[in-house]
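Chemist:
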Amino acid sequence: MHSSFGRMFFYFIGGGSVSKIQLVNITKIFKTKENDVHAVRKASLHIEEKDIFGVIGFSGAGKSTLIRCINLLERPTEGEVVIDGKNLMDLSARDLRAERKKIGMIFQHFNLMRSRTVAQNIAFPLKGSGLSKEQINKKVDELLELVELKDKKKAYPSQLSGGQKQRVAIARALANDPSILLCDEATSALDPQTTQSILALLKNLNEKLKITIVIITHEMAVVKAICNKVAIMEDGNIVEEGNIIDIFTKPKSEVTRTFINTTTSIHQIYELIEKNDPLVDLDVDETMLRLVYSSSNTKEALMTYLVKTYDVSFNIIFGNVEVLANSPLGNLVVKLKGEKANIESAITYIKGQGVGVEVLK
Ligand SMILES: Nc1ncnc2c1ncn2[C@@H]1O[C@H](COP(=O)(O)OP(=O)(O)OP(=O)(O)O)[C@@H](O)[C@H]1O
Ligand SMILES: [Mg+2]
Numbered sequence: 003m004h005s006s007f008g009r010m011f012f013y014f015i016g017g018g019s020v021s022k023i024q025l026v027n028i029t030k031i032f033k034t035k036e037n038d039v040h041a042v043r044k045a046s047l048h049i050e051e052k053d054i055f056g057v058i059g060f061s062g063a064g065k066s067t068l069i070r071c072i073n074l075l076e077r078p079t080e081g082e083v084v085i086d087g088k089n090l091m092d093l094s095a096r097d098l099r100a101e102r103k104k105i106g107m108i109f110q111h112f113n114l115m116r117s118r119t120v121a122q123n124i125a126f127p128l129k130g131s132g133l134s135k136e137q138i139n140k141k142v143d144e145l146l147e148l149v150e151l152k153d154k155k156k157a158y159p160s161q162l163s164g165g166q167k168q169r170v171a172i173a174r175a176l177a178n179d180p181s182i183l184l185c186d187e188a189t190s191a192l193d194p195q196t197t198q199s200i201l202a203l204l205k206n207l208n209e210k211l212k213i214t215i216v217i218i219t220h221e222m223a224v225v226k227a228i229c230n231k232v233a234i235m236e237d238g239n240i241v242e243e244g245n246i247i248d249i250f251t252k253p254k255s256e257v258t259r260t261f262i263n264t265t266t267s268i269h270q271i272y273e274l275i276e277k278n279d280p281l282v283d284l285d286v287d288e289t290m291l292r293l294v295y296s297s298s299n300t301k302e303a304l305m306t307y308l309v310k311t312y313d314v315s316f317n318i319i320f321g322n323v324e325v326l327a328n329s330p331l332g333n334l335v336v337k338l339k340g341e342k343a344n345i346e347s348a349i350t351y352i353k354g355q356g357v358g359v360e361v362l363k
């Protein structure tokens, strides 16, 4: 008791802000007949209340294993799982069951019970809750309303579309009023339009219910659509983590850049450079840069300043602006023309303004 109290204090102070989920040095090793599989290696994550936190990585990176450690569906080989200041690893089976009620989960293939109606599926987690039949029925109606599926109450899963099945799964996951919702590839089996509608629903639940959401995905578009923070996993490691504007403007690792480039048409520029296309030819006094900036007024002011101060000129090859987490995110590929020393000074200045700079050529 004494030690977990001390720890609670530590996490509260150490986090700087209120931690909802804290994973500390999580390692998970699966022992198989042939070998030991290191699915997760010393991964630490700090997720705050009301975050929509994305975890992205290629197949086999360890994403599902990591997210399953949050509710101890997988017990980490090493490390601590702290939810609302409580280390789940320390809890008795009974206390753990109670804590798990605060954590809902949804999956790629929905995992509904085929022989039960929508209402019965949603009511399932309320078994043993002590609620009366009427109370359960009322709760089911509320949940159906929340996921906009009132007319399907008596339907069976086989009579529903994929998007509708995921809505039922979401309603079921919310039956015990959890404060955390874990989503493991929840939209991977859905078409793009249905994906957008499920993501919109999740965002809405995050705002309305103040629920913290963790989303596992291999699609950066999903992260872009709703997450405020993201961690990138590779080979069991978290290679990078941060708020999405920072990650998109200043990615540090190669794998992060690869994921980001899947969501813009900027990859075409890389292909042109690769092919030595005349479109991306440079004069001797030119340098090609990619600029990534997160504030809408950065660009004009910056350009004007550079032209005036460093006697350089610009030629824009590619540009696009989109909105991420309510902030504009701009991508610009420019040819910068001028004397070498001036170009170098200009690049240093741009970096100092918090704009991401990559020298392409
Ligand atoms: N129960 C298990 N027993 C043995 N190895 C496992 C087990 N579960 C996962 N692994 C291994 O751990 C590694 C990480 O798997 P995990 O399912 O966490 O990856 P993932 O990032 O979710 O991949 P995907 O995107 O394909 O779902 C893989 O090499 C996988 O084979
Ligand atoms: Mg997985």
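The numbers in the sequence shown follow our numbering, run straight up by one, and end at 363.
Where is the CB? At the ideal position from N, CA and C, for every residue including glycine.
#1: Report the residue from 259, 171, 136, 135 whose alpha carbon sits nearest the alpha carbon of residue 151.
#2: If we ignore side chains and look at the alpha-carbon of each, how far apart do residue 33 and residue 238 end up?
#3: Starting from the N-terminal side, write out each stretch of the alpha helix (DSSP H) that is 4 residues or longer and does not extend beyond the segment 68 to 152.
#4: Span of the alpha helix (DSSP H) holding residue 263?
#5: Residue 308: which of 53, 105, 194, 350 sits nearest, CA to CA?
#6: Restricting to Cα atoms, I'd like to know which of 287, 272, 142 is closest to residue 126.
#7: DSSP state of residue 24, grouped into three classes?
#8: Where does residue 357 fall in DSSP's three states?
#9: Could I get the ranges of all uninterrupted beta strand (DSSP E) runs contained in the segment 151 to 198, with 3 residues as the minimum, in chain order?
#10: Taking the continuous alpha helix (DSSP H) assigned at residue 286, which residues delimit it?
#11: Does residue 345 come out as helix, strand or coil in the three-state DSSP assignment?
#12: Please state whether DSSP places residue 247 in a helix, a strand or coil.
#13: Label residue 3 either buried or exposed according to how many other C-beta atoms from any shown protein chain fall within 10 Å of its C-beta, with 16 as the threshold for buried.
#14: How big is the Cα-Cα spacing for residue 66 and residue 75?
#15: Does the beta-carbon distance from residue 245 to residue 231 come in below 9 Å?
#16: Residues in its own chain within less than 7 Å of residue 199 by CB, not counting five upstream and five downstream?
#17: For residue 174 and residue 119, I'd like the C-alpha separation in whole angstroms.
#18: Which of helix, strand or coil does DSSP assign to residue 315?
#19: For residue 330, which beta-bridge partners are listed by DSSP?
#20: Any heavy atom of ligand 2 within a distance shorter than 8 Å of the CB on residue 218?
#21: Can you name, in chain order, every residue of its own chain whose Cβ lies under 8 Å from the Cβ of residue 101, other than the five neighbours on each side?
#22: State yes or no: is the C-beta of residue 65 nearer than 8 Å to some heavy atom of ligand 2?
#23: Which residue wins for smallest C-alpha separation from residue 50, given the options 30, 159, 22?
#24: For a quick check, are the C-beta atoms of residue 356 and residue 312 less than 9 Å apart?
#25: Less than 9 Å separating the beta-carbons of residue 273 and residue 220?
#26: Using 8 Å for Cβ pairs, my map puts residue 338 next to residue 291. What's the rounded Cβ distance?
#27: With H, G and I counted as helix, E and B as strand and the rest as coil, what does DSSP make of residue 362?
#28: Where residue 314 and residue 323 are concerned, what is the direct C-alpha to C-alpha distance, given to the nearest angstrom?
#29: For residue 221, which of helix, strand or coil comes out of DSSP?
#30: Tell me which same chain residues have a C-beta within less than 7 Å of the C-beta of residue 114, skipping the five on either side of it?
#31: Where DSSP assigns a beta bridge to residue 29, which residues make up the other side?
Modeler: With the given structure in hand:
#1: 171
#2: 15 Å
#3: Within the segment 68 to 152, the runs of alpha helix (DSSP H) at least 4 residues long that lie entirely inside it are, in chain order, 95 to 102, 120 to 125, 135 to 148.
#4: Secondary structure note for residue 263: its alpha helix (DSSP H) is the uninterrupted segment 256 to 263.
#5: 350
#6: When each option's Cα is compared against that of residue 126, the closest is 142.
#7: The three-state secondary structure of residue 24, taken from DSSP, is strand.
#8: coil
#9: 182 to 186, all fully within the segment 151 to 198.
#10: Counting along the chain, residue 286 falls outside any alpha helix (DSSP H), and DSSP gives it neither H nor E.
#11: DSSP places residue 345 in helix when its eight states are reduced to three.
#12: helix
#13: With a pLDDT of 42 at residue 3, under the threshold of 50, the modelled position of that residue is not reliable, and no figure is offered here.
#14: 10 Å
#15: yes
#16: Excluding sequence positions up to five before and after residue 199, its CB lies within less than 7 Å of the CB of 165, all in the same chain and listed in chain order.
#17: 12 Å
#18: strand
#19: 325
#20: yes
#21: 85, 88, 90, 93
#22: yes
#23: 22
#24: no
#25: no
#26: Taking 8 Å as the upper bound for CB-CB distance, residue 338 and residue 291 are in contact here, some 6 Å apart.
#27: DSSP places residue 362 in coil when its eight states are reduced to three.
#28: Looking at the backbone, the Cα of residue 314 and that of residue 323 are separated by about 24 Å.
#29: coil
#30: 123, 159, 167, 170, 171
#31: 80
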